[in-house]
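Peer 1:
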Amino acid sequence: MTEKGGPYKLRPPIMMVKVEDTMDIMIVRDTARRAASLLGFTPAYRAQLASAAATLAELVLKTGEAHTIHLNGIIEGVRIGLQISSETPWLAGVSANNVLVALRSKLGDLVDEILLRGDDPPTIIMVMWLNSGGGGGGVS
Amino acid sequence: MALEVLLVEDSKTQAAQLKETLESLGLRVRIAYDGPEGIREAIENPPALVVLDVKLPSMDGFQVCRRLKRNPATQDIPVIMLTEKAGPQATMSGLRAGADDYIPKDIFASEHLISTLQELGLLE
Numbered sequence: 004m005t006e007k008g009g010p011y012k013l014r015p016p017i018m019m020v021k022v023e024d025t026m027d028i029m030i031v032r033d034t035a036r037r038a039a040s041l042l043g044f045t046p047a048y049r050a051q052l053a054s055a056a057a058t059l060a061e062l063v064l065k066t067g068e069a070h071t072i073h074l075n076g077i078i079e080g081v082r083i084g085l086q087i088s089s090e091t092p093w094l095a096g097v098s099a100n101n102v103l104v105a106l107r108s109k110l111g112d113l114v115d116e117i118l119l120r121g122d123d124p125p126t127i128i129m130v131m132w133l134n135s136g137g138g139g140g141g142v143s
Numbered sequence: 008m009a010l011e012v013l014l015v016e017d018s019k020t021q022a023a024q025l026k027e028t029l030e031s032l033g034l035r036v037r038i039a040y041d042g043p044e045g046i047r048e049a050i051e052n053p054p055a056l057v058v059l060d061v062k063l064p065s066m067d068g069f070q071v072c073r074r075l076k077r078n079p080a081t082q083d084i085p086v087i088m089l090t091e092k093a094g095p096q097a098t099m100s101g102l103r104a105g106a107d108d109y110i111p112k113d114i115f116a117s118e119h120l121i122s123t124l125q126e127l128g129l130l131e
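Written as structure tokens, this is what we have:
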């Protein structure tokens, strides 16, 4: 099973938060920390992932429509990671390169990968790997 | 004997609330009300943990954290930054300064603080 629009196979935890008002940003941040904790990320990396998830939630909230943020464990070979994603219909028709440049300038330090997949609707996907060379800090 | 936490927080109200939370977990708490005092306290009597606010008078929490992490006498003391600044840049600034965790002051703060204390082996 892969997340719609995402390239990686899902594994638990599978979590989602509907973002409708500013209180939900706090809940997204909390849920990201919990998901990262379940996967074995160290506190510092949990903080990074929580900040990335909250920033994505702030971004989608600004569109004025309810969105769902998905926080899923993922697996690729021996690598395990956390994927944070949201469908972004308001980005349909916008240059993927421009979107990625903007997202990477704001969030690139916080996660290992930022992807924009599909176009009906486009989905923003952020990934941090637990046991790759550069990120995560933990061993599963 | 209870582990000691050095809390560096300029707001007396917030310091008192945090002190109460930490003491309810069985920890002893010392308070420093600005950065230089916090650094001095950490060097003279190293605590088991520093809980550090970002917004402090005269020297901000990032500077305090960097100084603690550069000093051989204090570099191994875990530092948790507890802050109202929770955006991506502030988070990365805190972690790059050497903080072990960066927790926003929101309704989940106490819970995350407890979770991190457990992770650091400071609570059962």
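As you go down the protein sequences, you meet chains A and B in turn. The opening residue of the first sequence carries number 4 in our numbering; numbering runs sequentially from there. The opening residue of the second sequence carries number 8 in our numbering; numbering runs sequentially from there. Even for Gly, the Cβ is constructed at its ideal location relative to N, Cα and C.
(1) Span of the alpha helix (DSSP H) holding B/Val86?
(2) Please list the residues of the stretch 27-44 of chain A that have a C-beta atom closer than 8 Å to any C-beta atom in chain B, keeping them in chain order.
(3) Taking three-plus beta-carbon pairs below 8 Å as touching, is the stretch 93-112 of chain B in contact with the stretch 122-129 of chain B?
(4) Give a yes or no on whether the C-beta atoms belonging to A/Leu13 and A/Gly84 are separated by under 8 Å.
(5) Going by Cα to Cα distance, which pick from B/Arg35, B/Glu30, B/Gln82, B/Ile46 is closest to B/Asp60?
(6) Give the interface partners of A/Gln51 over in chain B, defined as CB-CB distance under 8 Å, in chain order.
(7) With A/Thr126 as the anchor, note down where its beta strand (DSSP E) starts and where it stops.
(8) Is there a Cβ from chain A that is less than 8 Å from the Cβ of B/Asp107?
(9) For A/Lys12 and chain B, any beta-carbon pair shorter than 8 Å?
(10) At a cut of 8 Å, does the stretch 35-44 of chain B reach the stretch 97-104 of chain B through at least three beta carbon pairs?
(11) Could you name the residues of chain A that B/Gly94 contacts, counting a contact when the two beta carbons are closer than 8 Å?
(12) Excluding the 5 residues preceding and the 5 following A/Leu94 in the sequence, name in chain order all residues of the same chain whose CB lies nearer than 7 Å to its CB.
(13) Report buried or exposed for B/Gly68, applying the criterion of at least 16 other Cβ atoms within 10 angstroms of its Cβ.
(14) Please name the residues in the stretch 106-129 of chain A whose beta-carbon is closer than 7 Å to at least one beta-carbon of chain B, in chain order.
Peer 2: In short, the structure shows the following:
(1) Here B/Val86 belongs to no alpha helix (DSSP H); instead the beta strand (DSSP E) covers 86-90.
(2) Met29, Arg32, Asp33, Arg36, Ser40
(3) yes
(4) no
(5) B/Ile46
(6) Thr98, Met99, Leu102
(7) 126-132
(8) yes
(9) no
(10) no
(11) The answer, in chain order, is Ser54, Thr58.
(12) Val102, Pro125
(13) buried
(14) Lys109, Leu110, Asp112, Leu113
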